[in-house]
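Numbering (this note's numbering), first residue to last: 61 to 356.
Here a beta-carbon is modelled for each residue, glycine too, at the ideal position from N, C-alpha and C.
A quick note: this is a predicted structure, and the numbers were derived from the prediction, not measured.
Have a look at the structure below, then the notes.
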RNA sequence: GCAGGGUUAGUGAAGCGGUCAAACACAACAGACUGUAAAUCUGUCGGCUUAUGCCUUCGUAGGUUCGAAUCCUACACCCUGCA
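The following block contains the structure:
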């Protein structure tokens, strides 16, 4: 089996400074950035998702931004397929792929080469969704499906198990030739950064963006559920003040950060760093050690 | 000043003599996580400690009762009708 291209992965909580670090590394080592973020994939959702700016995109090539239509939706499996292609392509061109993002599932789908099972049939999904958890357990048992191995109180998981007819998805061990850097950040510092970032977003016209997107794509699509959009939608509709909208935005971001913390905490392959100097040392060492596999 | 309503754990809010450390929601904390993942789900959530255990709580201080967050009295603060 051919050696995989070297891959740098940068993870961390929202607003922890992932993008900034990625830019630094990309500039220094001729890198290209792949965004592993379940919201920046959507077209038009720019300010509120903290999508890299046009200037940043001009300075360093970015991939998997704006690849999804807000109404059509997206998924981890689609991401995985696209990301794998992009990473391979970047490697072939002799550049350094840098996977950056806070969506744990997307990251792990690359790190552990998740074997996603086929997408569900919409008709069947609708039918199963209408059933209660108890009915679903009943159905599973009629089909000799064992639910003890899965989170059987989670309706969504039970449905998925039935749809897959009991087949379990696969995963591999950690991708070879991969350096995973995690940016650690104190909660207080993070909160301050989030507050500041929201102010900046508002100054850049976030409210207008939300209004525009609501008119264009409606209010019920997936990216509209993102922390900022969810919070500002009520402000746009006039039911809450700007201050309250910002307050809720922050709350939503902090809750997101909490989930990200939990997700990444369990991954023992992540090397946690405090500052970008430390990160660059790690990258330097990693690239030296793996130079033989670099396509010069 | 008179009459009425209110004061419950981080917040909102049930309870109105025993089965109340006190429903429920939110927040918080911990965890799971494979085609919606910023999703979905699980556990904890007064303290000690982890026990069918003890201790301290339901504005404050007393009282009635075998027993009070629940009844009575006084006081404090908040809202409403008449002044």
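What is the DSSP secondary structure of residue i, counted as helix, strand or coil?
i, result
"residue 99", "coil"
"residue 113", "coil"
"residue 352", "Unreliable positioning characterises residue 352 in this predicted model, as indicated by a pLDDT of 47, which lies under 50. The coordinate reading is nonetheless provided below. Three-state DSSP puts residue 352 in a helix."
"residue 107", "coil"
"residue 334", "coil"
"residue 249", "helix"
"residue 92", "strand"
"residue 291", "helix"
"residue 298", "coil"
"residue 132", "coil"
"residue 77", "coil"
"residue 227", "coil"
"residue 217", "helix"
For residue i, which residues of its own chain have a beta-carbon under 8 Å away from its beta-carbon, when the five flanking residues on both sides are left out?
i, result
"residue 167", "69, 71, 96, 159 and 161"
"residue 334", "244"
"residue 261", "107, 108, 110 and 288"
"residue 330", "71, 240, 241, 242 and 324"
"residue 129", "102 and 103"
"residue 340", "84, 85 and 88"
"residue 274", "284, 293 and 296"
"residue 232", "172 and 173"
"residue 190", "none"
"residue 125", "95, 100, 101, 111, 112 and 117"
Excluding five sequence neighbours on each side, which residues of the same chain lie with their C-beta closer than 7 Å to the C-beta of residue i?
i, result
"residue 229", "174, 175, 176 and 177"
"residue 73", "162, 245, 250, 317, 320 and 321"
"residue 352", "Its pLDDT being 47, under 50, residue 352 is placed unreliably in this model, and the value from its coordinates should be taken loosely. Result list for residue 352: empty, nothing under 7 Å."
"residue 265", "107"
"residue 217", "210 and 211"
"residue 291", "305, 308, 309 and 312"
Quick one: Cα of residue i to Cα of residue j, how far?
i, j, result
"residue 293", "residue 270", "7 Å"
"residue 356", "residue 220", "Per-residue confidence for residue 356 stands at a pLDDT of 39, beneath the threshold of 50, marking its modelled position as unreliable; the derived number appears in the next sentence. Roughly 45 Å between the two C-alpha positions."
"residue 156", "residue 263", "34 Å"
"residue 342", "residue 255", "30 Å"
"residue 106", "residue 211", "35 Å"
"residue 77", "residue 84", "11 Å"
"residue 123", "residue 203", "43 Å"
"residue 154", "residue 301", "51 Å"
"residue 207", "residue 198", "11 Å"
"residue 238", "residue 121", "20 Å"
"residue 213", "residue 116", "44 Å"
"residue 326", "residue 234", "14 Å"
"residue 252", "residue 303", "16 Å"
"residue 91", "residue 338", "18 Å"
"residue 354", "residue 309", "The predicted model places residue 354 with a pLDDT of 46, which falls under 50 and marks its position as unreliable; any figure quoted below should be read in that light. Residue 354 and residue 309: Cα-Cα distance of roughly 42 Å."
"residue 188", "residue 247", "40 Å"
"residue 236", "residue 98", "24 Å"
"residue 185", "residue 196", "12 Å"
"residue 276", "residue 349", "50 Å"
"residue 328", "residue 299", "45 Å"
"residue 119", "residue 146", "18 Å"
"residue 272", "residue 200", "45 Å"
"residue 278", "residue 138", "23 Å"
Looking only at its chain, what residues have a beta carbon closer than 6 Å to the beta carbon of residue i, apart from the 5 residues adjacent to it on each side?
i, result
"residue 223", "180"
"residue 143", "94 and 170"
"residue 226", "205"
"residue 193", "215"
"residue 313", "74, 254 and 287"
"residue 165", "136"
"residue 306", "258"
"residue 64", "236 and 237"
"residue 150", "92 and 157"
"residue 332", "242 and 244"
"residue 127", "101"
What residue range is occupied by the uninterrupted beta strand (DSSP E) comprising residue i?
i, result
"residue 239", "238 to 243"
"residue 70", "67 to 72"
"residue 158", "156 to 160"
At which residues does the alpha helix (DSSP H) containing residue i begin and terminate?
i, result
"residue 310", "302 to 325"
"residue 169", "164 to 171"
"residue 202", "193 to 202"
"residue 153", "Counting along the chain, residue 153 falls outside any alpha helix (DSSP H), and DSSP gives it neither H nor E."
"residue 270", "266 to 277"
"residue 183", "182 to 190"
- Message: Three Cβ pairs or more, each shorter than 8 Å: is that satisfied between the region 126 to 134 and the region 276 to 294?
- Response: At 8 Å Cβ cutoff, the stretches touch.
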